[in-house]
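*Asks:*
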Amino acid sequence: MTFLRRGIIGLLLAYLLLPILMTLVYSLSSSWTELIPKAFSLEAWSNLFSDPKFWADGGRSLILAFSAVALSIFFLVPTLFAITLYAPKLSSALEFFSLWPFVFPGVIMAVGLIKIFSTPPLAISGTPWLLIPAVTVVVMPYAYRAVANAFESSDVRQLAEAARSLGASDLQILAWVIFPTVLPGVLSGGVLALSAAFGEFSLAQLLVGSSWETLPYYQYLTNSQDGHKSAAISVLAFAIAWGLGSFALGLRSSDNLKDAVTVA
Amino acid sequence: MTNSNAISSVNIKLENIKKTYNGKAAVDNVSLEVKPGEMVSLLGPSGCGKTTTLRAVAGFEIPDSGRVFIGDQDVTKVAAEQRRVGMVFQSYALFPNLSVAGNIAFGLRVAGWEAAKLKARVSELLEVVGLHGFDRRSVLTLSGGQRQRVALARALAPNPRVLLLDEPLSALDAKIRAELRTELRRLQLDLGITTLLVTHDQEEAMSMSDRVVVMNQGRIEQLGTPRDLYATPASPFVAAFVGAMNLMPAEALGNSSFRVSGQKVNIPNLENKSGRLGVRPEVIELMPLEPGQTAPLQAVIELVTYLGADQQVILKVGSDTWVARVENDQIFARGQHVALEIPSNAWLWLPI
Numbered sequence: 095m096t097f098l099r100r101g102i103i104g105l106l107l108a109y110l111l112l113p114i115l116m117t118l119v120y121s122l123s124s125s126w127t128e129l130i131p132k133a134f135s136l137e138a139w140s141n142l143f144s145d146p147k148f149w150a151d152g153g154r155s156l157i158l159a160f161s162a163v164a165l166s167i168f169f170l171v172p173t174l175f176a177i178t179l180y181a182p183k184l185s186s187a188l189e190f191f192s193l194w195p196f197v198f199p200g201v202i203m204a205v206g207l208i209k210i211f212s213t214p215p216l217a218i219s220g221t222p223w224l225l226i227p228a229v230t231v232v233v234m235p236y237a238y239r240a241v242a243n244a245f246e247s248s249d250v251r252q253l254a255e256a257a258r259s260l261g262a263s264d265l266q267i268l269a270w271v272i273f274p275t276v277l278p279g280v281l282s283g284g285v286l287a288l289s290a291a292f293g294e295f296s297l298a299q300l301l302v303g304s305s306w307e308t309l310p311y312y313q314y315l316t317n318s319q320d321g322h323k324s325a326a327i328s329v330l331a332f333a334i335a336w337g338l339g340s341f342a343l344g345l346r347s348s349d350n351l352k353d354a355v356t357v358a
Numbered sequence: 601m602t603n604s605n606a607i608s609s610v611n612i613k614l615e616n617i618k619k620t621y622n623g624k625a626a627v628d629n630v631s632l633e634v635k636p637g638e639m640v641s642l643l644g645p646s647g648c649g650k651t652t653t654l655r656a657v658a659g660f661e662i663p664d665s666g667r668v669f670i671g672d673q674d675v676t677k678v679a680a681e682q683r684r685v686g687m688v689f690q691s692y693a694l695f696p697n698l699s700v701a702g703n704i705a706f707g708l709r710v711a712g713w714e715a716a717k718l719k720a721r722v723s724e725l726l727e728v729v730g731l732h733g734f735d736r737r738s739v740l741t742l743s744g745g746q747r748q749r750v751a752l753a754r755a756l757a758p759n760p761r762v763l764l765l766d767e768p769l770s771a772l773d774a775k776i777r778a779e780l781r782t783e784l785r786r787l788q789l790d791l792g793i794t795t796l797l798v799t800h801d802q803e804e805a806m807s808m809s810d811r812v813v814v815m816n817q818g819r820i821e822q823l824g825t826p827r828d829l830y831a832t833p834a835s836p837f838v839a840a841f842v843g844a845m846n847l848m849p850a851e852a853l854g855n856s857s858f859r860v861s862g863q864k865v866n867i868p869n870l871e872n873k874s875g876r877l878g879v880r881p882e883v884i885e886l887m888p889l890e891p892g893q894t895a896p897l898q899a900v901i902e903l904v905t906y907l908g909a910d911q912q913v914i915l916k917v918g919s920d921t922w923v924a925r926v927e928n929d930q931i932f933a934r935g936q937h938v939a940l941e942i943p944s945n946a947w948l949w950l951p952i
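Protein sequence lines, in the order shown, are assigned to chains G and B. For the first sequence, my numbering assigns the number 95 to the initial residue and increments by one for each residue that follows. For the second sequence, my numbering assigns the number 601 to the initial residue and increments by one for each residue that follows.
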């Protein structure tokens with residue numbers, strides 16, 4: 095039994111990790127036989143890190159990811175707060191609508207946006223001012239889940255009533271009670287949204303392309319020039335996602351610790 | 601208690617409050633006055649409308665009709681945040697991101713108190729609820745009893761006009777509950793703050809309040825002092841809900857005798873009408889019967905439960921089951937035949 099279980103887990107791990115491992119090996123090799131690398135070098139990595147464009151594009155990707163996720167949280171928390179308090183019946187409708195960005199392919203959305211925003215009065219196509227709101231919409235399903243879970247795990251209604259009986263207005267309740275209460279949960283759940291925004295390619299390519307280059311676009315350009323360098327970018331992206339993920343898990347387990355104390 | 605804590609007490613008045621959910625009346629024409637400085641409990645089973653009534657005073661429910669007054673002010677349509685009431689919840693509802701002091705100071709911050717005054721008020725309240733030195737602790741590290749003390753301090757800090765307690769002790773374990781019950785009542789009397797308490801626990805209601813309102817199906821069944829409710833329950837519901845009561849259908853046989861549990865008893869001081877007869881377990885005395893001996897009211901012992909201070913005896917009287925609480929020095933056995941002695945003024949007559 096344990097043998098079987100270990101075997102299955104081992105296979106799964108191999109299936110998940112092998113491609114990344116091989117990508118890492120490829121990024122570290124300089125020449126290759128039919129099957130295995132002939133010689134190793136750090137050239138791809140040093141090339142990558144010494145390219146100022148990489149840093150600039152990576153920075154833009156971070157700006158994009160964090161602002162899109164922050165924006166979606168900024169919109170979602172007050173929305174869910176209002177719905178929880180004043181229209182709980184609408185919550186299932188909201189949940190349904192939150193999934194819509196999954197339904198539309200990014201290409202369709204991009205074409206639609208370009209059509210609308212290429213002409214005055216709002217000719218912002220090709221600028222981050224269009225990309226960031228667009229990506230905000232794309233990550234909305236992930237962010238919605240994160241915010242909704244955080245709302246469910248803390249009794250928002252009761253907290254709001256307590257604050258209200260102490261004289262607080264809706265705005266004060268939102269800013270002083272609800273945001274700080276749900277934020278740890280939202281952040282730990284929001285990592286998925288962050289990675290989705292960080293890796294968003296189709297919108298980035300179609301809406302801004304080279305005029306506001308992000309890391310996925312940089313990798314797309316690198317792909318045709320230097321496979322080793324492209325592999326290095328993949329490994330790096332994975333490392334970043336993994337780091338964010340463990341950070342989120344850390345947040346969550348400290349949440350659990352609080353719960354354990356609550357029970358005791 | 602220092603004088604700065606003294607609160608100028610005001611009354612709470614409810615006039616014909618009605619609240620309907622999905623065509624069902626949750627609160628059905630409730631009128632009630634809590635006098636200045638008084639503590640009144642709303643007691644009843646879940647769904648009886650007690651919580652909705654309390655929430656109407658807090659401003660979390662707007663009644664369909666009727667009016668709510670706090671002091672001279674008609675607050676029926678006043679927003680909850682404008683009412684200046686202190687509220688304590690069953691689940692504490694402490695702000696998890698704030699420290700103990702941060703929680704207590706919340707209402708003061710909202711009201712814009714200056715820093716020095718605010719700090720003094722917070723430490724004054726920490727003292728009042730016995731949490732001196734806890735100010736910087738996270739509320740997540742506190743026990744249930746400590747959390748509810750913080751919640752109480754938080755509710756009292758901005759000098760509310762009245763205090764509303766929504767099942768404040770129900771989430772605590774028995775020992776802490778008894779402790780906090782006494783403390784809460786003492787504090788309420790010291791402060792002289794008009795208080796409305798919601799509870800489903802009759803012992804809590806009886807022990808803490810000046811008057812108790814027994815509610816059932818959205819209506820007030822009876823309103824009175826704990827003593828009144830216990831001695832003269834107005835309905836079978838109150839009789840059964842407040843304290844324990846043996847309550848049996850009784851047939852009037854004329855000549856001041858009743859047939860109850862298949863036996864004929866003589867009760868001279870009750871009006872001879874068919875209805876129900878009630879008797880509290882602690883007024884019943886049990887006398888062992890020798891074999892062959894009979895008594896006007898007799899029973900067979902089914903079960904004896906020793907409770908320390910006294911003992912509970914389950915009796916089979918005819919085909920009914922009665923409960924008696926008797927002193928713990930008598931030894932009874934299962935199956936033993938006993939005579940029941942009940943002073944005739946201890947019987948209660950109630951309608952069906």
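We treat Cβ as the ideally placed atom computed from N, Cα and C, and that holds for glycine. Note that this is a predicted model, so its numbers are computed, not measured.
Given a cut-off of 8 angstroms, decide if residue 856 of chain B and residue 872 of chain B are closer than it, judged by their beta-carbon atoms.
*Replies:* yes
*Asks:* How about residue 834 of chain B and residue 259 of chain G: do their beta carbons lie closer than 8 angstroms?
*Replies:* With a cutoff of 8 angstroms on beta-carbon distance, residue 834 of chain B and residue 259 of chain G are scored as not near each other.
*Asks:* Can you tell me whether residue 943 of chain B is buried or exposed, with buried defined as 16 or more other CB within 10 angstroms of its CB?
*Replies:* exposed
*Asks:* First and last residue of the alpha helix (DSSP H) that includes residue 961 of chain B?
*Replies:* Residue 961 of chain B is absent from the model: chain B starts at 601 and stops at 952.
*Asks:* Residues of the segment 231-263 of chain G in Cβ contact with chain B at a cutoff of 8 angstroms, in chain order, please.
*Replies:* 248, 249, 252, 253, 255, 256, 257, 258, 259, 260, 261, 262, 263
*Asks:* Between residue 881 of chain B and residue 924 of chain B, is the Cβ-Cβ spacing less than 8 angstroms?
*Replies:* yes
*Asks:* Could you check how far apart the C-beta atoms of residue 742 of chain B and residue 729 of chain B are, in whole angstroms? I think they sit under 8 angstroms.
*Replies:* 12 angstroms between Cβ atoms; not a contact.
*Asks:* Skipping 5 residues on each side, what residues in its chain have a beta carbon closer than 8 angstroms to that of residue 663 of chain B?
*Replies:* 617, 618, 619, 627, 656, 676
*Asks:* Examine chain B for any beta-carbon lying closer than 8 angstroms to the beta-carbon of residue 282 of chain G, and answer yes or no.
*Replies:* no
*Asks:* If you compare alpha carbons, which of B:712, B:762, B:768, B:858 is closest to residue 745 of chain B?
*Replies:* B:768
*Asks:* Would you verify that the beta carbon of residue 707 of chain B is, or is not, closer than 8 angstroms to some beta carbon of chain G?
*Replies:* yes
*Asks:* Judging by CA-CA distance, which residue of G:288, G:310, G:324 is the nearest neighbour of residue 337 of chain G?
*Replies:* G:288
*Asks:* List the residues of chain B that residue 274 of chain G touches, going by C-beta distances under 7 angstroms, in chain order.
*Replies:* The contacting residues are 697.
*Asks:* Output the distance between the C-alpha atoms of residue 886 of chain B and residue 926 of chain B, rounded to the nearest integer angstrom.
*Replies:* The straight-line gap from Cα to Cα measures roughly 8 angstroms.
*Asks:* Which same chain residues, not among the five before or five after residue 601 of chain B, have their C-beta less than 6 angstroms away from its C-beta?
*Replies:* Note that residue 601 of chain B scores 39 on pLDDT, short of 50, meaning its location in the model is unreliable; the coordinates nonetheless yield the value given after this. Answer for residue 601 of chain B: 790, listed in chain order.
*Asks:* Near residue 759 of chain B, what residues of its chain come up, given a Cβ to Cβ distance below 6 angstroms and the 5 sequence neighbours on each side ignored?
*Replies:* none
*Asks:* For residue 651 of chain B, list the residues DSSP reports as bridge partners.
*Replies:* Residue 651 of chain B is not bridged to any residue.
*Asks:* Following the continuous alpha helix (DSSP H) through residue 782 of chain B, name the residue where it begins and the one where it ends.
*Replies:* 774-791
*Asks:* Bridge partners for residue 888 of chain B per DSSP, in chain order?
*Replies:* B:938
*Asks:* Counting only runs that start and end within the segment 727-765 of chain B, where is the alpha helix (DSSP H) found for 4 or more residues in a row?
*Replies:* 744-756
*Asks:* Please list the residues of the segment 666-684 of chain B that have a C-beta atom closer than 9 angstroms to any C-beta atom in chain G, keeping them in chain order.
*Replies:* So the list reads 679, 680, 681, 682, 683, 684, given in the order they occur along the chain.
*Asks:* Just checking: is the beta-carbon of residue 881 of chain B within a distance shorter than 8 angstroms of some beta-carbon in chain G?
*Replies:* no
*Asks:* My parser needs the beta strand (DSSP E) runs of 3 or more residues fully inside the segment 627-701 of chain B; what are they?
*Replies:* 639-643, 665-670, 685-688
*Asks:* Below 8 angstroms, how does it come out for the segment 240-257 of chain G and the segment 168-180 of chain G: are there three or more Cβ pairs, yes or no?
*Replies:* In this structure the segment 240-257 of chain G touches the segment 168-180 of chain G; the number of beta carbon pairs closer than 8 angstroms is three or more.
*Asks:* Go ahead and label residue 310 of chain G buried or exposed: buried means 16 or more other beta carbons lie within 10 angstroms of its beta carbon, across all protein chains shown.
*Replies:* Here residue 310 of chain G is buried: its Cβ has 16 or more other Cβ atoms, across all protein chains shown, within 10 Å.
*Asks:* Could you tell me whether the segment 224-234 of chain G touches the segment 245-252 of chain G, where touching means 3 or more Cβ pairs closer than 8 angstroms?
*Replies:* The segment 224-234 of chain G and the segment 245-252 of chain G do not touch, with fewer than 3 CB-CB distances between them shorter than 8 angstroms.
*Asks:* Leaving out the 5 sequence neighbours to the left and right, which residues in its chain are closer than 7 angstroms to residue 576 of chain B when beta-carbon positions are compared?
*Replies:* Outside the shown range of chain B, which is 601 to 952, sits residue 576 of chain B, and nothing can be said about it.
*Asks:* Taking C-beta to C-beta, are residue 813 of chain B and residue 838 of chain B nearer than 8 angstroms?
*Replies:* Taking 8 angstroms as the Cβ cut-off, residue 813 of chain B and residue 838 of chain B do not qualify as a contacting pair.
*Asks:* What does the Cβ neighbour count give for residue 896 of chain B, buried or exposed, with the cut at 16 atoms within 10 Å?
*Replies:* Residue 896 of chain B should be labelled exposed.
*Asks:* In whole angstroms, what is the alpha-carbon distance linking residue 922 of chain B and residue 951 of chain B?
*Replies:* Roughly 19 angstroms separates the two Cα atoms.
*Asks:* Can you list, in chain order, the stretches of the alpha helix (DSSP H) that have 4 or more residues and sit fully within the segment 278-313 of chain G?
*Replies:* The alpha helix (DSSP H) runs of length 4 or more contained entirely in the segment 278-313 of chain G are, from start to end of the chain, 285-292.
*Asks:* State the Cα-Cα distance for the pair residue 721 of chain B and residue 257 of chain G, rounded to the nearest angstrom.
*Replies:* 18 angstroms
*Asks:* Just curious, the beta strand (DSSP E) that residue 103 of chain G is in, first and last residue?
*Replies:* That residue, residue 103 of chain G, is in no beta strand (DSSP E); its alpha helix (DSSP H) goes 96-122.
*Asks:* Look at the Cβ atom of residue 639 of chain B, then the Cβ atom of residue 788 of chain B, and state whether they are nearer than 8 angstroms.
*Replies:* yes
*Asks:* Can you give me the start and stop residues for the beta strand (DSSP E) that residue 920 of chain B sits inside?
*Replies:* 920-927
*Asks:* What number of angstroms, rounded off, separates the C-alpha of residue 356 of chain G from the C-alpha of residue 779 of chain B?
*Replies:* Residue placement at residue 356 of chain G is poorly supported in this model, since its pLDDT is 40, which falls under 50; the coordinates still yield a value, given next. Distance between the alpha carbons of residue 356 of chain G and residue 779 of chain B is about 21 angstroms.
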